[in-house]
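I have placed the structure first, in the form of structure tokens, so that the comments after it can refer back to it.
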Amino acid sequence: MPGYHFLTHSAEETKKLALRVAAQLRPGDILAMSGDLASGKTTFTQGLTAYYEVLEYTLSPTFTYINEYHGKDQDIIHIDAYRLSTGSELISMGIWDYYESGAIIIIEWADIVADAIPADAIGLRFRHLGATENSREILIDSPRKLDLDQ
Amino acid sequence: MTKAIILGIETSCDETAAALFHSHELIHHITATQLVHTSYGGVVPEYASREHNKLLGPVVKSVLEQADMDLSMIGSIAVTQGPGLAGSLLVGLSYAKGLAMGLNVPIYGINHIEGHIFANFIGQEQLPTPFLCLLVSGGHTQLIHVQQAQVYKLIGQTRDDAAGEAFDKVARLLGIGYPGGPLIDQLSQDGDPKFHRFSRSSFPRSYDFSFSGLKTNVLQYIQKHDPGFIKTHLADIAASFQEAVVDVLSNQAIQAAKDLKLDRIVLAGGVAANSRLRQRMTELGQLHELELFQPDLRYCTDNAAMIAYMGYWKAVLQQPDLLDIAAIPNLKLSFGQ
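Chains as they are written, first to last, in this note's numbering: chain A, 2 to 151; chain B, 136 to 472.
Here you go:
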């Protein structure tokens, strides 16, 4: 499975990387994000929704579980599993309908609900580096080749 | 007289609640809290709707019994239509529709957010509009210009995390558990709010909020210091974090009220229970000669009293809803202009 490795040094750089990833996505793609609090997942999502010209703010779905955005010719479903504990809970919320809807699905805290995420999802792992810098390591595992010049 | 009785039903999240109102006045209300949370305080959606199913009938029965009333006295039903968890909302709505059909009484679908705003005025026949509402909870952080009932204008909102969410996540970073809001509030009583100055975000020419950077700021602070130091100063760090949130919320609210020439500010939502926010808003309100409304603590969390009271207002303002009203999980306040 092709893997990609990036370092970003600001929220702006994380958003720019998200724009490059977004340009490679197809309808129905599932992005499974993992990484601790404040590691850049929501910032990355804001970059993705910006690419699809979503006009609203991309708010954290921690308390609402699922936020829907309607971008230019593309729906985006933003899910947060932070307050869940197993994949079956995600399934009970109707996740399969979303998978089959053609929307691009972004799942934060995907490791918590790993058993409800299809094997062909694109995996993104985020890590906050160091106490003083604002640097993030972002690892992307994609089942298909993405054109991301490194 | 009997036909003025309103039954309110609330099942949007993890509280199963029922209330009885006579016109605008509370008769009695009951809230049953579910105990099926995950370790981080999440509501397990599937279990939540099953619990509502189990609890709602008994809760309605109890509220009637305790008020010495029976079903035949109900003149209308108000039920939360959204926002909330789809399955949970459906339980309340289906129950309400069945009852409305059986009793042949009107039904009103209620916006839960509107309920929180109006919770400040339970028992009142008049609304002190216009006012500015600071709505703060786990899922919302908004400044709303309430021109009159059902006429709203969104003035500002968070661009990332809600204030209540920041409390929960920082509580987790500090390892003090769930629910973060009340625990940080309590811990901060023994802490120095000036111990460390955490970042305050604002945007030029905007009343918007951001709490995501503050969360990162707290994380970096924890990483920079050794665990012993953090443990010793837990109360100070909690108080300093809380101070940053309260600063931003209160300053934006006061500024917006002054700019819009509104002389009343209304707090609403779960974070409106925060003691430091209430204290600060009281002080600033006096300083700037603004009239401050703060919801009774029992109405900050989810309850059916605010739903029944909202039902009273809807009955005053509009026709009843039809029996085919649907649950709307992402229902928003309708903003004009």
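For every residue, glycine included, the Cβ atom is placed at its ideal position computed from N, Cα and C.
CB contact check: residue i to chain B, cutoff 8 Å
i: L60 (chain A); result: yes
i: E14 (chain A); result: no
i: L38 (chain A); result: yes
i: F127 (chain A); result: no
i: T9 (chain A); result: no
i: K17 (chain A); result: no
i: E138 (chain A); result: no
i: E69 (chain A); result: yes
i: T65 (chain A); result: yes
Reference residue i, options the options, closest by Cα
i: K482 (chain B); options: B:G404, B:A370, B:E426 and B:L308; result: This structure gives no information on residue 482 (chain B), because the portion of chain B shown stretches from 136 to 472.
i: R137 (chain A); options: A:Y5, A:P3, A:G4 and A:S11; result: A:S11
i: L85 (chain A); options: A:I78, A:F64 and A:Q75; result: A:F64
i: I290 (chain B); options: B:G143, B:Y356, B:A391 and B:R413; result: B:A391
i: S347 (chain B); options: B:L422, B:A231, B:P455 and B:T276; result: B:T276
i: L206 (chain B); options: B:S229, B:V226 and B:G233; result: B:G233
i: D437 (chain B); options: B:A139, B:E160 and B:I165; result: B:I165
i: W97 (chain A); options: A:E69, A:I118 and A:E13; result: A:I118
i: H247 (chain B); options: B:Q414, B:F376 and B:M445; result: B:M445
i: P28 (chain A); options: A:Y99, A:L38 and A:G131; result: A:Y99
i: V195 (chain B); options: B:K304, B:A152, B:P362 and B:K359; result: B:A152
i: D459 (chain B); options: B:Q216, B:S375 and B:L354; result: B:Q216
i: E145 (chain B); options: B:M208, B:D361 and B:A221; result: B:A221
C-alpha gap between residue i and residue j, whole angstroms
i: C435 (chain B); j: A403 (chain B); result: 7 Å
i: H280 (chain B); j: G41 (chain A); result: 33 Å
i: S201 (chain B); j: A154 (chain B); result: Reading off the sequence, residue 201 (chain B) comes out as Gln, not Ser. Cα-Cα distance, rounded: 11 Å.
i: A443 (chain B); j: M416 (chain B); result: 28 Å
i: A254 (chain B); j: F364 (chain B); result: 42 Å
i: Q472 (chain B); j: P265 (chain B); result: The predicted model places Q472 (chain B) with a pLDDT of 44, which falls under 50 and marks its position as unreliable, so this point remains unresolved.
i: M136 (chain B); j: K329 (chain B); result: Residue placement at M136 (chain B) cannot be trusted, given a pLDDT of 42 that sits under 50; the coordinates are not used to answer.
i: E57 (chain A); j: H71 (chain A); result: 9 Å
i: E181 (chain B); j: A370 (chain B); result: 36 Å
i: S223 (chain B); j: I67 (chain A); result: 15 Å
i: R335 (chain B); j: D382 (chain B); result: 8 Å
i: F127 (chain A); j: A111 (chain A); result: 12 Å
i: D431 (chain B); j: N239 (chain B); result: 34 Å
i: T50 (chain A); j: G299 (chain B); result: 24 Å
i: H79 (chain A); j: L267 (chain B); result: 30 Å
i: H187 (chain B); j: Y52 (chain A); result: 40 Å
i: M2 (chain A); j: T44 (chain A); result: 25 Å
i: S35 (chain A); j: P455 (chain B); result: 46 Å
i: L354 (chain B); j: D149 (chain B); result: 29 Å
i: S337 (chain B); j: S197 (chain B); result: 48 Å
i: H129 (chain A); j: Y356 (chain B); result: 13 Å
i: T15 (chain A); j: I107 (chain A); result: 16 Å
i: A82 (chain A); j: L225 (chain B); result: 22 Å
i: D296 (chain B); j: P62 (chain A); result: 8 Å
i: E426 (chain B); j: G315 (chain B); result: 29 Å
i: L142 (chain B); j: T367 (chain B); result: 50 Å
i: D148 (chain A); j: Q25 (chain A); result: 7 Å
i: S469 (chain B); j: P218 (chain B); result: 12 Å
Minimum Cβ-Cβ distance from residue i to chain C less than 8 Å
i: T43 (chain A); result: Judged by its chain identifiers, the structure shown contains no chain C, and its protein chains are A and B.
Chain A contact for residue i (CB, 8 Å cutoff)
i: K189 (chain B); result: no
i: D296 (chain B); result: yes
i: G273 (chain B); result: yes
i: L397 (chain B); result: no
i: P180 (chain B); result: yes
i: N465 (chain B); result: yes
i: T146 (chain B); result: no
i: E300 (chain B); result: yes
i: K288 (chain B); result: no
i: K232 (chain B); result: no
i: T215 (chain B); result: no
i: T168 (chain B); result: no
i: L308 (chain B); result: yes
i: K304 (chain B); result: yes
i: T514 (chain B); result: Outside the modelled stretch of chain B, which goes from 136 to 472, sits residue 514 (chain B), for which no answer is possible.
Check: residue i C-beta below 7 Å from any heavy atom of the ligand SAH
i: L155 (chain B); result: Among the ligands in the structure shown, none appear at all, so the ligand SAH cannot be discussed.
Using Cβ-Cβ distances below 8 Å, what residues of the stretch 90 to 113 of chain A are close to chain B?
-> Answer set for the stretch 90 to 113 of chain A: E90, S93, M94 and G95.
Could you pull out every unbroken beta strand (DSSP E) segment of at least 3 residues lying fully inside the stretch 93 to 134 of chain A, listed in chain order?
-> 105 to 109 and 123 to 130
Compile a chain-ordered list of the residues in the stretch 429 to 461 of chain B whose CB is closer than 7 Å to at least one CB of chain A.
-> none
If you measure beta-carbon to beta-carbon, which residues of the stretch 335 to 366 of chain B are closer than 7 Å to chain A?
-> S347, K350, T351, L354, Q355, Q358 and K359
Considering only residues of the stretch 246 to 320 of chain B, which uninterrupted beta strand (DSSP E) runs meet the minimum length of 3 residues and lie entirely inside it, listed in chain order?
-> 266 to 271, 276 to 283 and 286 to 292
Those runs of the beta strand (DSSP E) which lie wholly inside the stretch 142 to 172 of chain B and span at least 3 residues | 150 to 157 and 160 to 168
Please go through the stretch 62 to 87 of chain A and give each complete beta strand (DSSP E) segment of 3 or more residues, from N-terminal end onward.
-> 67 to 72 and 75 to 81
When Cβ atoms are compared, which residues of the stretch 259 to 270 of chain B fall closer than 8 Å to chain A?
-> none
Considering only residues of the stretch 329 to 368 of chain B, which uninterrupted beta strand (DSSP E) runs meet the minimum length of 3 residues and lie entirely inside it, listed in chain order?
-> none
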